[in-house]
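Enquirer:
Numbering (this note's numbering), first residue to last: 16 to 349.
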């Protein structure tokens, strides 16, 4: 991938008009036209400036065999991984705290400008989460003389030895960067160590609590409902028979910018244990800002809040006789 290709990629993915790009970078539109038409070639330092002005960054590395490898990472708006060497070009998305948990639906691999492998979300998930080595995953042991087959995303391509080694190296680099961004994502949302309900679900299982403690929390929710006069604790949006718990700050305001918000859900019950889930809602980065401000709790913080704050408070109130209606404890059918 040369500098013109990268410039075109930046322009396309920025979504900006020619006037907007010219305004943000201070470079005349005519100069961009010359670069895009390849009548002139932008220098790498100019490319770095354009990328920075548009909120992106370019990293240039040298691989072990001396071939050039260009990667473009979109810091604020997206995380896009681009790889290029003498044999292949790879275009793939990485996890991003403002966009997605997984790296998008597309991983596109080209050879001689022709796509040879492309993914959907399911087979990309399978590849990322496979515990096999890259070589075993692509079944590279199927060889024909000095050439090797690589099976990937349902297709099988025959490579010479150099191509095959380059292909394996490329996938290892991509997967390494993918996991780096994935760990950053999990750490930020506090989902490290928590099990996702399934590949399609936005809920993570964060803890188990006894049924009695769940019913105490529901009673607490009713006692401190938004419509109740009780204001000495966090306020709840109580909905009878709902599996959802929604908590706000004592200001009794759903719209206040500093509203403290906790949300979790009863996923299911097994015996006397209630499975509690936390919902990952990326929402184009809005919740990112709330989590940074501490006005919305991530998964780990939510679990800690339940165990350290809600349950002790509910037990104290129960022992004090605040929940004097037995129905509030024992007759929930949710």
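Here a beta-carbon is modelled for each residue, glycine too, at the ideal position from N, C-alpha and C.
From residue 116 to residue 214, what does the alpha carbon distance come to, in whole angstroms?
Expert: Position 101 of the chain shown, counting from 1, holds the residue named residue 116. Position 199 of the chain shown, counting from 1, holds the residue named residue 214. If I take the Cα positions, the gap works out to 11 Å.
Enquirer: Check whether the segment 192-202 touches the segment 172-179, taking contact to mean three or more Cβ pairs, one atom from each stretch, closer than 8 Å.
Expert: Result no; under three Cβ-Cβ pairs closer than 8 Å.
Enquirer: Name the residue from 275, 331, 334, 304 whose alpha carbon lies nearest to the alpha carbon of residue 317.
Expert: Translated into positions along the chain shown, residue 317 becomes position 302. Selected option, being the one with the closest Cα: 275.
Enquirer: Would you grab the beta carbon distance between residue 327 and residue 287 for me? Rounded to a whole angstrom, and I think it's under 8 Å.
Expert: In the chain shown, the residue the question calls residue 327 occupies position 312. In the chain shown, the residue the question calls residue 287 occupies position 272. Not quite, the Cβ-Cβ distance comes to about 20 Å (not below 8 Å), so this is no contact.
Enquirer: Could you tell me whether the Cβ atoms of residue 132 and residue 167 are closer together than 8 Å?
Expert: Within the chain shown, residue 132 is the residue found at index 117, counting from 1. Within the chain shown, residue 167 is the residue found at index 152, counting from 1. A contact, by the Cβ cut-off of 8 Å.
Enquirer: Name the DSSP bridge partner or partners of residue 172?
Expert: Sequence index remark: in the chain shown, residue 172 carries index 157 (1-based). For residue 172, which the question treats as bridged, DSSP gives the partners 165.
Enquirer: Using C-beta distances below 8 Å, list every residue in its chain close to residue 199, excluding the 5 sequence neighbours before and after it, in chain order.
Expert: The residue you call residue 199 lines up with position 184 of the chain shown. Excluding positions up to five away in sequence, the list reads 110, 112.
Enquirer: So, residue 36 versus residue 26, is the Cβ gap smaller than 8 Å?
Expert: For the purposes of this step, residue 36 is taken as the residue at position 21 of the chain shown. For the purposes of this step, residue 26 is taken as the residue at position 11 of the chain shown. Closer than 8 Å, so yes.
Enquirer: In chain order, what residues of the same chain lie with their CB nearer than 6 Å to the CB of residue 313, ignoring the 5 residues before and after it?
Expert: Locating residue 313 in the chain shown gives position 298, where the first residue counts as 1. Cβ neighbours of residue 313 beyond the five flanking positions: 204, 205, 306.
Enquirer: Please identify the residue among 285, 22, 31 whose C-alpha is closest to the C-alpha of residue 64.
Expert: For the purposes of this step, residue 64 is taken as residue 49 along the chain shown, with counting starting at 1. When only C-alpha atoms are compared, the closest one is 22.
Enquirer: Could you check whether residue 68 and residue 114 sit closer than 8 Å to each other, using their CB atoms as the reference points?
Expert: Numbered from 1 along the chain shown, position 99 holds the residue referred to as residue 114. Numbered from 1 along the chain shown, position 53 holds the residue referred to as residue 68. Not closer than 8 Å, so no.
Enquirer: How many angstroms separate the CA atom of residue 279 from the CA atom of residue 291?
Expert: Residue mapping note: residue 279 aligns to position 264 of the chain shown, counting from 1. Residue mapping note: residue 291 aligns to position 276 of the chain shown, counting from 1. Straight-line Cα distance between these residues: approximately 7 Å.
Enquirer: For residue 109, which of helix, strand or coil comes out of DSSP?
Expert: Working through the chain shown from its first residue, we reach residue 109 at position 94. If DSSP states are grouped into helix, strand and coil, residue 109 belongs with coil.
Enquirer: Tell me the rounded alpha-carbon separation between residue 212 and residue 47.
Expert: Looking up residue 212 in the chain shown gives position 197. Looking up residue 47 in the chain shown gives position 32. When rounded, the distance between both Cα atoms is 48 Å.
Enquirer: Could you tell me the boundaries of the alpha helix (DSSP H) in which residue 311 lies?
Expert: Here residue 311 is taken as the residue at index 296 of the chain shown, counted from 1. First-last for residue 311: undefined, no H or E at that position.
Enquirer: Is the separation between the beta-carbon of residue 325 and that of residue 232 shorter than 8 Å?
Expert: One-based indexing of the chain shown puts residue 325 at position 310. One-based indexing of the chain shown puts residue 232 at position 217. Contact: yes.
Enquirer: Look at the Cβ atom of residue 123, then the Cβ atom of residue 137, and state whether they are nearer than 8 Å.
Expert: Taking the chain shown and counting its residues from 1, the one referred to as residue 123 is at position 108. Taking the chain shown and counting its residues from 1, the one referred to as residue 137 is at position 122. No, the pair does not count as a contact, with Cβ atoms beyond the cut-off.
Enquirer: Please list, in chain order, all residues of the same chain as residue 303 whose beta carbon is under 7 Å from its beta carbon, the five residues on each side excluded.
Expert: By one-based count along the chain shown, residue 303 stands at place 288. Excluding positions up to five away in sequence, the list reads 112, 113.
Enquirer: So, is residue 66 buried or exposed, given that buried needs 16 or more other C-beta atoms within 10 angstroms?
Expert: Position 51 of the chain shown holds residue 66. So residue 66 ends up on the buried side.
Enquirer: According to DSSP, is residue 246 helix, strand or coil?
Expert: Along the chain shown, one-based indexing puts residue 246 at 231. Correct three-state label for residue 246: coil.
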